[in-house]
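Residue numbers (this note's numbering), protein chains in the order written: chain U, 1 to 139; chain Z, 1001 to 1139.
2 protein chains.
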Amino acid sequence: MRIGELAARAGVSTRTLRYYESRGLLPAADRGANGHRVYGDDALRLVAQIRTLQDFGFELEDTRPFVECLRAGHPAGDSCPDSRAVYRRKIAELDELMAELRAARDHLTAQLARAEAMPPPCGAGGAGGGRGDVPLCGG
Amino acid sequence: MRIGELAARAGVSTRTLRYYESRGLLPAADRGANGHRVYGDDALRLVAQIRTLQDFGFELEDTRPFVECLRAGHPAGDSCPDSRAVYRRKIAELDELMAELRAARDHLTAQLARAEAMPPPCGAGGAGGGRGDVPLCGG
DNA sequence: TTAGACGTTGACGCCGACGTCAGGACAAGC
DNA sequence: GCTTGTCCTGACGTCGGCGTCAACGTCTAA
């Protein structure tokens, strides 16, 4: 299987596959006499593993233990301790991030409620009206 | 007030202030005879507004309505309808993002539990052991 | 007069995961 | 020979928000 076929079957671009190779994630099994990359069927699983993890927000580097685990012949990318450690780290990161987002969301909600409780500004909008003017209503 | 003083008082770099100006967010009130930027005290409030919103995850462009609202003379950055619309959009974005993250988190947690329920691989670790070998235990 | 602290503009660097050329090689089919 | 299709390598572009450097002008204190 050459790079074009693997790309088509995996649903990624050839550029993506070459990029993975440049990162040491997915070296071609071999090179043909013409220099073309040659892949085995297992490469398809490796790409699928990478894409799955990326869909969950993994950076490319975080997929490495999973890919190496598969390449070592293990039945699944997460069969190895290193992979599971990444799982745990990612879950912790997500928890932390979600806590931050929740805090931000709550704060914004409070701000919005407070702002909407204020009397409406008169010349408001895109601030295109009275530049530098006093915002008070006509008195 | 020149750029250095404003930067120090606002806790940002002069580069940051020039960048804001280049984006049309924070034009200097004037230029001295030597070409130096001159700011009024109100600039400090504008920078503070920008940084506050950025801390909540706003992109620079999303702070624009707030800054323009302040520049128009309104008492607060969120006194204008445009600003409040951004609040609402941001809250919705946060809700959507958090839902995605929750889904990812739940999936990862399930995957981790499933992986840990499996028998431990023998040559596991960094996959540095038996390259391409069968992962089954000795027998 | 000179040093040094401040200011100016312009331009490149960075991160991540590629997209998109540019320029060339090689094979198959007409 | 020519086109078409696939492949190769190398290198620049993208996005956001600046950091950092270059090369220069300006103001002030000693």
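Think of the CB as a built atom: it goes at the ideal place given N, C-alpha and C, for glycine as much as any other residue. Just so we're clear, the structure is a prediction, and the values are computed from it rather than from any experiment.
For residue i, report the span of its alpha helix (DSSP H) as first-last.
{"i": "Z/P1065", "result": "R1064 to R1071"}
{"i": "Z/A1085", "result": "P1081 to A1117"}
{"i": "U/G4", "result": "I3 to A10"}
{"i": "U/Y143", "result": "Residue 143 of chain U lies beyond the stretch modelled for chain U, which goes from 1 to 139, so this question has no answer here."}
{"i": "Z/A1048", "result": "D1042 to D1055"}
Tell me which same chain residues have a C-beta within less than 6 Å of the C-beta of residue i, skipping the five on either side of it?
{"i": "Z/Y1019", "result": "none"}
{"i": "U/T63", "result": "I50 and L53"}
With 16 other CB atoms within 10 Å as the buried threshold, where does residue i fall?
{"i": "Z/R1114", "result": "exposed"}
{"i": "U/E68", "result": "buried"}
{"i": "U/R131", "result": "Because U/R131 sits at a pLDDT of 45, beneath the cut-off of 50, its placement in the model cannot be relied upon, and the following sentence gives the value as read from the coordinates. It counts as exposed."}
{"i": "Z/G1073", "result": "buried"}
{"i": "Z/A1071", "result": "What sits at residue 1071 of chain Z in the sequence shown is Arg, not Ala. Burial call: buried."}
{"i": "Z/A1007", "result": "buried"}
{"i": "U/P119", "result": "exposed"}
{"i": "Z/R1105", "result": "buried"}
{"i": "Z/P1135", "result": "With a pLDDT of only 45 at Z/P1135, under 50, the local geometry of the prediction cannot be trusted, and no value is derived from it."}
Can you tell which of the options has its C-alpha closest to the C-alpha of residue i?
{"i": "Z/M1001", "options": "Z/L1017, Z/D1041 and Z/L1097", "result": "Z/D1041"}
{"i": "U/G77", "options": "U/L46, U/P119, U/L26 and U/A103", "result": "U/L46"}
{"i": "U/R102", "options": "Z/A1092, Z/D1106 and Z/T1109", "result": "Z/A1092"}
{"i": "Z/F1056", "options": "U/Q111, U/D55, U/P119 and U/P75", "result": "U/Q111"}
{"i": "U/L44", "options": "U/A117, U/R31, U/L25 and U/Y87", "result": "U/L25"}
{"i": "Z/G1011", "options": "Z/G1032, Z/A1048 and Z/R1031", "result": "Z/A1048"}
{"i": "U/T109", "options": "Z/R1088, Z/G1035 and Z/R1105", "result": "Z/R1088"}
{"i": "U/S79", "options": "Z/A1033, Z/R1031 and Z/A1117", "result": "Z/A1117"}
{"i": "Z/K986", "options": "Z/N1034, Z/T1016, Z/D1030 and Z/F1058", "result": "Residue 986 of chain Z lies beyond the stretch modelled for chain Z, which goes from 1001 to 1139, so this question has no answer here."}
{"i": "Z/L1060", "options": "Z/E1096, Z/R1023 and Z/D1030", "result": "Z/R1023"}
Leaving out five residues before and five after residue i in sequence, what residues of the same chain have Cβ atoms less than 8 Å from its Cβ?
{"i": "U/A85", "result": "P65"}
{"i": "Z/H1107", "result": "none"}
{"i": "U/R16", "result": "Looking at the sequence shown, residue 16 of chain U is not Arg but Thr. Within the same chain, U/T16 has close Cβ partners A7."}
{"i": "U/L94", "result": "G57"}
Cutting at 7 Å between CB atoms, please list the residues of its own chain near residue i, excluding the five before and the five after it.
{"i": "Z/A1028", "result": "E1021, R1037, V1038 and Y1039"}
{"i": "Z/A1124", "result": "In this prediction, Z/A1124 scores a pLDDT of 46, lower than 50, which makes its location untrustworthy; no coordinate-derived value is stated."}
{"i": "Z/S1083", "result": "P1065, F1066, C1069 and G1077"}
{"i": "U/G4", "result": "T14"}
{"i": "Z/R1009", "result": "L1044"}
{"i": "Z/R1031", "result": "R1037 and V1038"}
Chain-ordered residues of the segment 37–51 of chain U with a beta carbon less than 7 Å from chain Z: none
Residues of the segment 70–102 of chain U with Cβ closer than 8 Å to any Cβ of chain Z, in chain order: R71, A72, G73, H74, P75, A76, D78, S79, C80, P81, D82, S83, R84, Y87, R88, K90, I91, L94, D95, L97, M98, L101 and R102
Proximal residues, the segment 1108–1119 of chain Z versus chain U, C-beta separation under 7 Å: Only those residues of the segment 1108–1119 of chain Z whose C-beta falls short of 7 Å from the nearest C-beta of chain U are listed: L1108, T1109, Q1111, L1112, A1115, E1116 and M1118.
Interface positions of the segment 1016–1038 of chain Z facing chain U (Cβ-Cβ less than 9 Å), listed along the chain: none
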